[in-house]
Amino acid sequence: MANCKYEWPAAGDRRLIGKSISRIDGPAKSSGRAKYSLDINLPGMLFAKSVNCPYAHVRIKSIDTSAAEKMPGVKAVRVIMGVGKEVQWAGDQVAAVSAVSEEIAEDAARAVKVEYEQLPFLVNEADFDKDKTAGRTRQAAELKVGDPDKAFSDPDVVTHEGHYGIPVITHCCLEPHGHVTEWMGPQSLRTFSSTQGVSAMPAQFAEALNIPANNVQTICRYIGGGFGSKFQMDAWGLASAQMAKDAGKPVKYLLERAEELETAGCRPSGFARVKVGAKKDGTLVAWESDCWGTGGPTPSGVLPIPYVLDIPNRIRRHTFILANIGPARAWRAPNHPQAALLTMTPIDDLAAKLNMDPLQLLMKNADLASEGRGKVYREELQKVAEMSEWSKYWHPRGDKTPGHIKRGLGVSIHTWGGRGHAGNCLVTIQPDGSVTAELGSQDLGTGTRTVIAIVAAETLGLPVEAIRVKIGDSHYPFDGPSGGSTTVGGVSASTRRAAVDARDQLFAAVAPGLGVPADQLEAVDGKIQAKGDASKSLTWKQACRKLGVKTVQAHGKNPGQCMLGSSGVGGAMVADVSVDTETGLVKINRMAVAQDCGLIIDMKTAESQCYGAMIMGICYSLFEEKIMDNITGRMLNPNMEFYKLAGIGDIGELKVHMMTGPGYDERGVIGLGEPPVISPGAAISNAVANAIGVRVPTLPVTPEKVLAALAKGGMA
Amino acid sequence: MERFEYANPTSRKEAISLLAAEWGQTEVLAGGTDLVSCMKDFACTPKRVVSLKRISDLRGIRSSGKELRIGSMTTIRELLEDQHVKQGYPALIQSAEYIRSEQLRNMGTIGGELLQRPRCWYFRLGYGLLAQYNGKSLVPDGDNRYHAILGNSGPAYFVSPSMMAPILIAMGAQVRLEGPGGAREITVEKLYRTPAQPDEREHTLHPNEILTEIIVPRQEGARSAVYEVRQKEALDWPLTAAAVVLKMNGDTVSHARVVLGHVAPVPWPSPEAEQTLEGKTVSEDVAEAAGKAAVSKATPLSMNGYKVQLARVAVKRAIMQAAQGGA
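One line per chain: the protein sequences are V and R, in this order.
Residue 0 is where the first sequence starts when you use numbering that gives the first Met the number 0, and the numbers rise one by one after that.
Residue 0 is where the second sequence starts when you use numbering that gives the first Met the number 0, and the numbers rise one by one after that.
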């Protein structure tokens, strides 16, 4: 669309967009002044604690809350799961109590007496035969394309068969799930929620409490992690509001660490028997997979394998395992990390069988990627090969250098959508020159605030710090939830449209005085001036003063006029590891990613997303696992001691390259949260195989598994 | 946590008088980094907590020609920064450096480090030190990936959590314990035992005793090192650890102490490894043989066979480090 007034400035005209700009809320966060929902304390506020079920699968026979209710300081008690209800995972909230102190609330929760009827449970699903015997399997529809049997039977086709897997992990948000709720009137509620969807939260409370949604205000200024697990009000949210009503006091109900890990979300597992075939030149022709996994007691998503590469003849069968391990919740790039692992590791093994460089094999097959993304993948693979010094450090399977430290490189590619979500932005310019951008959005730590400020500042010709960004409150104009890498695409488009319209209103107000037609004005360097004639100009303040007592306000929406964003990205990642073959320990030397996401608004926060995603990826590749006990049905590591996350010494050197320029920028803004977290599992697993010459079939790649793989047939 | 009475005495005598004669009634608070989390998990439920923080003479490091005396309330940070320790006992520094948390270093004490409770997840989830469930231990048929491979005939399967006890034992250190009947000094090795009953503790301290001092003999001519196999560089528990002290006569080992950590319910001295070393010139092969000897009697559980290999390697590497000059 030519000359659409909202379109992004041309490359040469961008003062701020695409530059590396520090996040505007950095000082507030690093100094501790930023108030997270967990930090909210209101006068007279009560503290809520849960009664957690210690069993994996039970029916509730009775609940007696009378002792808790009588305890001094206890102001409200609510049953969350009543008599007859089935509890499907250990740790689930059966009831909650509110009291004047955390200590009393905890004592009261322990005074609630619950009788349970034990039911059979399954908490470890990796063994498919056991799952079947337990009657916990549910077949999903199979998907078949082409004729895989025929393709595999071609004598010129080399096939590889193997078993691979990735376990259930949790989100482990540093700020736990929960809310502080406060009744502002009989029908009017305010919530301080730790949520990824500020604008969507009031409707959830309103429906559950039978009050008008317009009477609910949700505030979330800062959030300590969500990763897809914080869209819902949740049982504890409702209980919080109910108890606040019962007691006539605000109630703070945020989960304990153990609850956070046991009950606030699981990333579904994926295990598969895979057969993959290619011609001797590496052209992929056939795929067959039998996959199973669990996301809890109900079916979760089917893993999209083969991933990225639409191998012409393919069949996949998926079986859901119903396990008592907690609720499945979206985990950053839902289903993709599992699919990447289950696809890119067998392909890597096939490349080894073909004596091919796996990076070359991916290059060769890149045109199997949908939406014509082959060229993007080739560019990204080329780039990431340079960044990781692939030609220098990659070698055929098994590092042959003497000694027990073996180095290896592994590669994977990934994809994501990331189209900007629907939303609204209100830009206000005051006669004194101050500017605000208001959106009912939220900054998950990704840089949303900063991106909004950059877009508004770029459009108005102002410095970033001249824009006051107001988000994190449902009283601001509706904005979509932050999930699926949709936020930056959404808020940058709505902010651009609002800021352009606000600027044009200001132009109209000052044009007569300047003697220049409004459409011949521009806003640059803190001035409003005639295009190409700096002698006819006003400073920003002088211009705004011309508004008199009027205020400029403009409302921008997404979607709207002009193509400001699109969808669909690639990405290529290389892991470089060293493995100690005597101890099985894996150390990350380096991770490198080449990532596209259309037009980049802030290079710094974009790169930060990639750094964070790679760290998160290292965590789930080497350490993370929801360890469940077969005898008691409980999670054994509901703490940050044995639910292991990487520290600074565990992450090695991280290298990021964002793909920009022609071919990328004109696609407009695309989200970035998910894509770089997808490939680490496959890239690291492949790097380990390259180092030690044998596949460690499942994540996390722990010392015990490395030693077991070496014992089975490695190079040690 | 359960409600408890908090006592904040200013003298050893007063502290001892506040302690009960049987376990479960009272607990001693040193740095609090372990006790408080134990209480939050209801794994410990004392009626009274006796803090040692105000007893100033429990803190500090004194060095004489023949020994080092470390007050039990000395923090890990103070130990790490002490010049005498740095110069005369570098393996102690090496051991303390494995505690990769600034908070633990600042708050945690050496006495608390030695007497912290096991990290066994069944214990921490409330099944007791012996992980009893329906009358039997959860460990043999449960998830025992981090449990004991030695001294694990039951009913105790947890591993001793102390990261500093192995090197202190290898150095021949003693602890001073003070109780109502006076003071006694025992070797650090004798501080630990494998409990046989649910009401027994994993150490020999009496319930109404406090650990006041750690006495480390001067390590004249000794070469020592600690090696931990740990999954993470950041704060983590070792999967296995080994501490080695070698006394040399020229190129040959005249006397060796080899103590394994995180492999048994107690720090695990290995006479088998020591005998392999004595009278030998240390080489890769000799160290390897000592590592093998150290795990020759290992009886791994269903999921922790890998720890046998890790223990073997830890011993070998600690010996090589020590032989090459030590920490």
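We put the CB at the ideal spot given by N, CA and C, even for glycine.
Just so we're clear, the structure is a prediction, and the values are computed from it rather than from any experiment.
GLY611 of chain V lies in the alpha helix (DSSP H); which residues open and close that run?
-> To locate residue 611 of chain V, count along the first sequence from 1; it is residue 612. First-last of the alpha helix (DSSP H) with GLY611 of chain V: 602-621.
Is any beta-carbon of chain R found at less than 8 Å from that of ALA107 of chain V?
-> By 1-based counting over the first sequence, the position of residue 107 of chain V is 108. So no, ALA107 of chain V is outside the interface.
With C-beta atoms as the reference, is ILE527 of chain V less than 8 Å away from ILE16 of chain V?
-> Numbered from its first residue, the first sequence carries residue 527 of chain V at position 528. Numbered from its first residue, the first sequence carries residue 16 of chain V at position 17. Their beta carbons are not under 8 Å apart, which means ILE527 of chain V does not touch ILE16 of chain V by this criterion.
Should GLU232 of chain R be flagged as near chain V, meaning a C-beta pair shorter than 8 Å?
-> As a working mapping, residue 232 of chain R is identified with position 233 in the second sequence. Yes, contact with chain V.
Does the Cβ of MET0 of chain V have 16 or more other Cβ atoms within 10 Å, making it buried, or fewer, making it exposed?
-> Stepping through the first sequence from its first residue, residue 0 of chain V is reached at position 1. Any answer about MET0 of chain V is weak, because its pLDDT of 43 lies below 50 and its placement is not dependable; what the coordinates show is given next. Exposed: under 16 other Cβ atoms inside 10 Å.
Contact list for PHE622 of chain V against chain R, beta-carbon separation under 8 Å = If you number the first sequence from 1, residue 622 of chain V lands on position 623. Ordered by position in chain R, the residues that pass the 8 Å Cβ test against PHE622 of chain V are GLN230, LYS231.
Taking C-alpha atoms, which residue in R:ARG229, R:SER136, R:ARG222, R:ILE185 lies nearest to LEU210 of chain R?
-> For the purposes of this step, residue 210 of chain R is taken as the residue at position 211 of the second sequence. The shortest C-alpha separation from LEU210 of chain R is found at R:ILE185.
Would a check of beta-carbon distances place ILE614 of chain V closer than 8 Å to chain R?
-> Sequence index remark: in the first sequence, residue 614 of chain V carries index 615 (1-based). Output row for ILE614 of chain V: interface = no.
Go ahead and pull the three-state DSSP assignment for GLN429 of chain V.
-> Here the question's residue 429 of chain V lines up with position 430 in the first sequence. Coil.
How do the region 473-488 of chain V and the region 430-444 of chain V stand: do at least 3 beta-carbon pairs fall below 8 Å, yes or no?
-> yes
May I have the straight-line CA-CA distance separating ILE650 of chain V from ASN209 of chain V, to the nearest angstrom?
-> Stepping through the first sequence from its first residue, residue 650 of chain V is reached at position 651. Stepping through the first sequence from its first residue, residue 209 of chain V is reached at position 210. Near 49 Å, if we compare the C-alpha coordinates of ASN209 of chain V and ILE650 of chain V.
Decide yes or no for the touch test of the region 102-120 of chain V against the region 43-59 of chain V: beta carbon pairs closer than 8 Å, at least 3 of them.
-> Touching, per the Cβ criterion.
If you compare alpha carbons, which of R:ILE60, R:SER282, R:ALA164, R:ASP56 is closest to ARG11 of chain R?
-> Here residue 11 of chain R is taken as the residue at index 12 of the second sequence, counted from 1. Of the listed residues, the one whose Cα sits closest to ARG11 of chain R is R:ASP56.
Under a three-way DSSP split, which group does PHE319 of chain V fall into?
-> Here residue 319 of chain V is taken as the residue at index 320 of the first sequence, counted from 1. Three-state DSSP puts PHE319 of chain V in a strand.
Based on Cα-Cα distance, which residue from R:ASN7, R:MET106, R:ASP284 lies nearest to LEU51 of chain R?
-> What you label residue 51 of chain R is simply residue 52 of the second sequence in a count that begins at 1. When only C-alpha atoms are compared, the closest one is R:ASN7.
According to DSSP, which residues form a beta bridge with MET163 of chain R?
-> Start at 1 with the first residue of the second sequence, and residue 163 of chain R comes out as number 164. Paired residues: none, contrary to the question.
Coil, strand or helix - ARG109 of chain V by DSSP | Taking the first sequence and counting its residues from 1, one reaches residue 109 of chain V at position 110. Helix at ARG109 of chain V.
Close-in-space but distant-in-sequence residues of the same chain around ILE453 of chain V (CB under 7 Å, 5 per side omitted) = Here residue 453 of chain V is taken as the residue at index 454 of the first sequence, counted from 1. Around ILE453 of chain V: LEU15, ILE16, ILE20, VAL463, ILE600, ASP601.
So what does DSSP say about ARG13 of chain V, is it helix, strand or coil?
-> In the first sequence, counting from the first residue as 1, residue 13 of chain V sits at position 14. Three-state DSSP puts ARG13 of chain V in coil, outside helix and strand.
Between the CA atoms of TYR663 of chain V and LYS18 of chain V - distance to the nearest angstrom | Counting from one through the first sequence, the residue named residue 18 of chain V turns up at place 19. Counting from one through the first sequence, the residue named residue 663 of chain V turns up at place 664. Looking at the two C-alpha atoms, the distance is approximately 16 Å.
With a cut-off of 8 Å, does the C-beta of ILE304 of chain V fall near any C-beta of chain R?
-> What you label residue 304 of chain V is simply residue 305 of the first sequence in a count that begins at 1. No, no contact with chain R.
THR132 of chain V lies in the alpha helix (DSSP H); which residues open and close that run?
-> Working through the first sequence from its first residue, we reach residue 132 of chain V at position 133. 127-132 is the extent of the alpha helix (DSSP H) around THR132 of chain V.
Name the chain V residues that come within less than 9 Å of GLY127 of chain R, Cβ to Cβ?
-> Locating residue 127 of chain R in the second sequence gives position 128, where the first residue counts as 1. Simply none; closest approach about 13 Å.
Could you pull out every residue in the same chain whose Cβ sits closer than 6 Å to the Cβ of ILE69 of chain R, ignoring the five residues on either side in sequence?
-> By one-based count along the second sequence, residue 69 of chain R stands at place 70. So the list reads ILE60, ILE109, ILE213, once near-sequence residues are dropped.
Nonlocal neighbours in the same chain, by C-beta distance under 6 Å from ALA715 of chain V, ignoring five residues either side = Position 716 of the first sequence, counted from the first residue, corresponds to residue 715 of chain V. Per-residue confidence for ALA715 of chain V stands at a pLDDT of 39, beneath the threshold of 50, marking its modelled position as unreliable; the derived number appears in the next sentence. The residues THR580, LEU709, in chain order, have a CB closer than 6 Å to that of ALA715 of chain V in the same chain once the five nearest residues on each side in sequence are set aside.
Which first and last residues belong to the alpha helix (DSSP H) in which LEU644 of chain V is found?
-> Here residue 644 of chain V is taken as the residue at index 645 of the first sequence, counted from 1. Note, LEU644 of chain V: premise wrong, no alpha helix (DSSP H); not H, not E.
Using Cβ-Cβ distances below 9 Å, what residues of the region 158-183 of chain R are close to chain V?
-> none
Count the C-beta pairs between the region 581-596 of chain V and the region 666-682 of chain V that are closer than 8 Å, then say yes if the count reaches three, no if not.
-> yes
Do we get a CB-CB distance below 8 Å when we pair GLY583 of chain V with the residues of chain R?
-> Your numbering for residue 583 of chain V matches position 584 in the first sequence. So yes, GLY583 of chain V belongs to the interface.
Mind checking whether GLY692 of chain V and ARG396 of chain V have CB atoms under 8 Å apart?
-> Numbered from 1 along the first sequence, position 693 holds the residue referred to as residue 692 of chain V. Numbered from 1 along the first sequence, position 397 holds the residue referred to as residue 396 of chain V. Yes, the Cβ-Cβ distance between GLY692 of chain V and ARG396 of chain V is below 8 Å.
Mind listing, in chain order, the continuous alpha helix (DSSP H) runs of no fewer than 4 residues lying wholly within the region 158-209 of chain V?
-> 200-208
Identify, in the order they occur along the chain, each residue of the same chain with its Cβ nearer than 6 Å to the Cβ of SER253 of chain R, setting aside the five sequence neighbours on each side.
-> Residue 253 of chain R sits at position 254 when you count from the first residue of the second sequence. Answer for SER253 of chain R: LYS246, listed in chain order.
Flag GLY11 of chain V as yes if its beta-carbon sits less than 8 Å from any beta-carbon of chain R, otherwise no.
-> Within the first sequence, the letter at position 12 stands for residue 11 of chain V. Interface with chain R (8 Å Cβ-Cβ cutoff): GLY11 of chain V is excluded.
Can you tell me whether DSSP reads PHE270 of chain V as helix, strand or coil?
-> Walking along the first sequence from the start, residue 270 of chain V turns up at place 271. Strand, per DSSP.
Given ALA233 of chain R, which residues of its chain have a CB within under 6 Å of its CB, disregarding the five upstream and five downstream residues?
-> As a first step, residue 233 of chain R must be located in the second sequence, where it is residue number 234. Result list for ALA233 of chain R: ARG99, in chain order.
Tell me whether THR449 of chain V is buried or exposed, calling it buried when 16 or more other Cβ atoms sit within 10 Å of its Cβ.
-> To locate residue 449 of chain V, count along the first sequence from 1; it is residue 450. Buried, because 16 or more other Cβ atoms sit within 10 Å of the Cβ of THR449 of chain V.
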